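Everything below concerns the one structure shown next.
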Amino acid sequence: MATASETPVLDTIAAMTIDSIEHCNMDERTLILTRVAALVAMDAPAVSYLAHINPAIRADFTVEQVQDLLVAIAPVVGTARVMSAAGHIAQALGVTLAMADAEAEAIARAEADSRGAS
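Residue numbering for the sequence shown follows my numbering, beginning at -5 and increasing consecutively.
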């Protein structure tokens, strides 16, 4: 029997993702493009895009390249899906930026606290 977890759904998704990557022979950029295109086609929510932001950053994706992807698939998936995806991607980026700001503030506070304690 599997070990109980407080986040069984996220753990399962993470395990599936790792398994998929290990069995895929695509380069990192192609893999991210493929996954984002699939998310657009499925009209995925912002949280689904959130999981792909850090890998996209590591693969040196630019906003222009994501726009090119949306332009390329628009005739296949339709304008409604592309516009929905653009909004969800923007929302996911906003969450990522907010999380980065919060982390930076926490680090700054911890450094200030450690200086004050010295």
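Glycine included, every Cβ here is placed at the ideal spot set by N, Cα and C. Bear in mind the structure is a predicted one, so any value in this text is a computation, not a measurement.
Straight-line measurement puts the Cα of Ala53 at about 35 Å from the Cα of Ser108.
The stretch 69 to 81 and the stretch 32 to 42 touch, with three or more beta-carbon pairs separated by less than 8 Å. When C-alpha distances from Thr90 are compared across Asn48, Glu58 and Gly81, the shortest belongs to Asn48.
Each of Leu25, Tyr43, Ile12 and Thr11 was checked against the Cα of Ala84, and the nearest Cα belongs to Tyr43. In this structure, Ile67 sits near Ala31, with a CB-CB distance shorter than 8 Å. Judged by beta-carbon spacing, Ala50 lies within the 8 Å limit of Ile26, meaning their Cβ atoms are closer than that value.
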